[in-house]
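Here the structure is laid out as structure tokens; the discussion comes afterwards.
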Amino acid sequence: MFLCILSNTCMGHAFPDHSDPKVGATISASPERVRIWFDGALEPAFSTIMVHNAEGKMVDKRDGRVNPSDPTLLEVSVPQLPAGNYHVFWNVLARDGHRTMGDYTFVIK
Amino acid sequence: MSLFKGEAMRDCGRTNWGKNGLVVTIALGFALVCMLVIPVSSWAHGFAGKRFFPTTFKVEDPFVSDEFSILFSHLKEPDAKTTEIGIDYSKRIIPNLGISIGESYLHQDFTDGSSASGFGNLELGAKYQFLTSAEHEALFSLGVSAEIGGTGATRVGAESFSVVSPTFYFGKGFGDLPESLKFLRPFAITGVIAPNFPTRNSNVTFNEDTGENDIERNPTTLTWGFTLQYSLMYLQSFVKDIGLGTPFSRMIIVTEFPMETCLSADCKGKITGTVNPGIVWCGKYMEFGIAAQIPINERSGKSVGILALFHLFIDDLFPKSIGKPIFP
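Protein sequence lines correspond, in order, to chains A and B. Okay, so the first sequence: first residue is 248 according to our numbering, each after it adds one. Okay, so the second sequence: first residue is 45 according to our numbering, each after it adds one.
Okay, here's the thing in structure tokens:
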């Protein structure tokens with residue numbers, strides 16, 4: 248059991264490690280993408296990410312995906328966004344079948 | 045074929061196996077392949093939406109899971125200094141229903157200078173998580189646990205009778221607070237309430253000095269307790285990245301209030317309990333925690349004690365074998 252833990256060969260549920268833009272951040276210019284890095288590999292077919300504006304309208308380019316070269320990175324492209332509040336929603340399935348979900352906001356001033 | 049339930053049932057009743065056997069066989073085969081190929085999605089232990097509830101020290105978890113815990117406790121009680129190591133294993137039968145087994149080993153140094161060691165009574169339990177609200181980060185469970193009398197050593201206080209405890213559990217995160225109170229969203233509470241019914245009302249022992257029987261009544265008690273939590277994981281991931289690094293980004297500040305009120309016999313109305321401020325660290329596969337035990341009155345203890353928790357998430361360690369429900 249401890250070998251399993253130390254070698255990281257088991258796969259637990261995925262939890263966000265960090266993101267860009269950062270959770271709750273205020274930034275000065277529109278990002279090209281919204282990216283969230285997780286602490287474990289994700290199942291691409293069952294992991295989603297969306298960006299909404301303050302009115303609840305989806306504003307991303309609907310190309311959310313798990314990065315093919317980094318299975319811990321969930322990302323979606325966004326157009327040039329005007330100043331305002333934005334809400335990121337994510338829902339992922341870890342390789343072991345455990346689902347986690349979450350959301351956060353960021354502000355473009 | 046119909047998408048309506050009632051009609052689908054009637055269609056099933058008309059199925060002719062001989063005529064449609066090949067179709068049914070192919071459908072079952074396809075379903076089996078899907079089960080093997082497509083990952084089975086399930087919510088991990090202790091989650092209600094994006095809220096993760098950690099395992100706490102003395103107050104029982106409000107959720108069902110596959111887990112293994114070791115809890116170390118040391119407290120100077122009124123009549124003895126007690127050191128206890130408890131182990132607990134929980135196993136899900138179906139995703140929302142689990143059973144548990146627990147045992148503890150105690151060492152007591154009594155105020156008269158004597159000491160004793162031995163196992164406590166075996167504890168068995170079953171729990172059903174009947175409601176989980178992702179939107180409101182809430183979960184509720186009902187369960188029953190039993191301390192099996194006569195399975196432990198009487199020299200460390202293990203009773204000869206059993207105690208049965210029907211239990212209500214709850215957990216609630218504050219993630220649905222408005223934006224203006226967003227820094228309160230990482231707060232959560234969990235709690236438990238359980239009457240404890242002894243299977244024997246009294247113990248009768250013959251007193252050789254008086255030549256009469258001594259009758260000791262076994263009280264019914266009420267266990268009630270709650271935890272107040274502030275999750276730095278939640279703060280960092282869903283509210284505001286304040287730059288916490290490892291290990292602080294995976295910590296949850298927990299204060300427990302495990303209490304017991306005596307409902308009958310000589311102790312009726314008296315409360316014992318502790319306030320346990322502490323912190324837990326939650327990794328992908330395990331959890332560590334440490335807390336102080338502060339007695340609320342002299343009946344509960346004489347000085348500050350300590351709690352230490354080591355916990356394994358069996359469902360994350362072995363998601364495809366012993367960590368999944370027996371009937372997933």
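Backbone N, C-alpha and C define an ideal beta-carbon position, used for all residues, glycine too. No experiment lies behind these values; they were computed from the predicted model shown.
Apart from the 5 residues on each side of it in sequence, Lys346 of chain B sits with its Cβ closer than 8 Å to the Cβ of Lys120, Glu121, Pro122 and Pro339 in its chain, given in chain order.
Per DSSP, the beta-bridge partners of Asp258 of chain B are B:Thr249. In this structure, the alpha-carbon of Ala92 of chain B lies about 18 Å from that of Met295 of chain B. With contacts defined by Cβ atoms closer than 7 Å, His89 of chain B and Phe357 of chain B form a contacting pair. DSSP places Phe214 of chain B in the strand class (E or B) of the three-state scheme. Taking a C-beta cut-off of 9 Å against chain A, none of the residues of the segment 122 to 151 of chain B qualify. With contacts defined as CB atoms closer than 7 Å, Ser161 of chain B and His151 of chain B qualify as a contacting pair. Pro139 of chain B is positioned such that its CB atom lies no closer than 7 Å to that of Tyr213 of chain B. Beta-carbon to beta-carbon, Pro302 of chain B and Gly322 of chain B are separated by about 12 Å, too far to satisfy the 8 Å threshold. Cβ-Cβ distances below 6 Å link Thr305 of chain B to Leu266 and Ile315 in the same chain, with the five nearest sequence neighbours on each side left out; the list follows chain order.
At a cut-off of 7 Å between beta-carbon atoms, Ser281 of chain B makes contact with chain A.
Legend: CB atoms of the segment 341 to 354 of chain A lying less than 7 Å from CB atoms of chain B belong to residues Asp343, Gly344, His345, Arg346, Thr347, Met348, Gly349, Asp350 and Tyr351. Straight across, the Cα-Cα distance linking Glu256 of chain B with Phe250 of chain B is about 6 Å. Separation of Arg312 of chain A and Phe227 of chain B (C-alpha to C-alpha, rounded to the nearest whole angstrom) is 30 Å. The Cβ atoms of Phe336 of chain A and Ala272 of chain A do not sit closer than 7 Å to each other. Short of 8 Å from the beta carbon of Glu342 of chain B, and not among the five residues preceding or following it, lie these beta carbons of its own chain, in chain order: Pro122.
The residue among A:Ser294, A:Leu289, A:Asp317 and A:Ala330 with its C-alpha nearest the C-alpha of Val306 of chain A is A:Ala330. Close CB contacts of Ala352 of chain B within its chain, under the 6 Å cut and outside five residues either way in sequence, are with Phe116 and Ile334 (chain order). When rounded, the separation of the alpha-carbon atoms in Leu272 of chain B and Pro222 of chain B is 20 Å. For Val270 of chain A, the residues of chain B that pass the 8 Å Cβ criterion are Gln280, Ser281, Phe282, Val283, Lys284 and Asp285, in the order they occur in the chain. Taking C-beta atoms as the reference points, Gly146 of chain B and Asp156 of chain B fail to come closer than 7 Å. By the neighbour-count criterion, in which 16 or more other beta carbons inside 10 Å mark a residue as buried, Lys135 of chain B falls on the buried side. In this chain, the beta strand (DSSP E) harbouring Ile296 of chain A covers Thr295 to Asn300.
Here Glu304 of chain B carries a strand assignment [DSSP, helix/strand/coil]. Counting along the chain, no alpha helix (DSSP H) covers Asp264 of chain A; the unbroken beta strand (DSSP E) around it starts and ends at Pro263 to Asp267. The C-alpha of Ala124 of chain B lies about 25 Å from the C-alpha of Thr299 of chain B. Judged by their CB atoms, Gly269 of chain B and Val103 of chain B are nearer to each other than the 7 Å cut-off. Cβ neighbours of Phe218 of chain B within its own chain (closer than 6 Å, five residues either side excluded): Leu228, Arg229 and Phe231. Under the criterion of beta carbons closer than 8 Å, Lys304 of chain A and Val325 of chain A do not qualify as touching, at roughly 13 Å.
Between Thr211 of chain B and the set B:Phe154, B:Phe184 and B:Arg261, the nearest pair of CA atoms involves B:Phe184.
In terms of Cα proximity to Val339 of chain A, the closest of A:Val281, A:Phe293, A:Ser266 and A:Ser275 is A:Phe293. DSSP places Glu128 of chain B within a strand segment (E or B) once states are collapsed to three.
Within chain B, the residues placing a beta-carbon under 8 Å from that of Gly287 of chain A are Lys328, ordered along the chain. Its Cα nearest to that of Ala336 of chain B, the residue B:His118 stands out among B:His118, B:Asp110, B:Asp360 and B:Phe97. Contact of Phe250 of chain B with chain A by beta-carbon distance below 8 Å is absent, the smallest such distance being about 50 Å. The C-alpha of Pro268 of chain A lies about 36 Å from the C-alpha of Lys368 of chain B.
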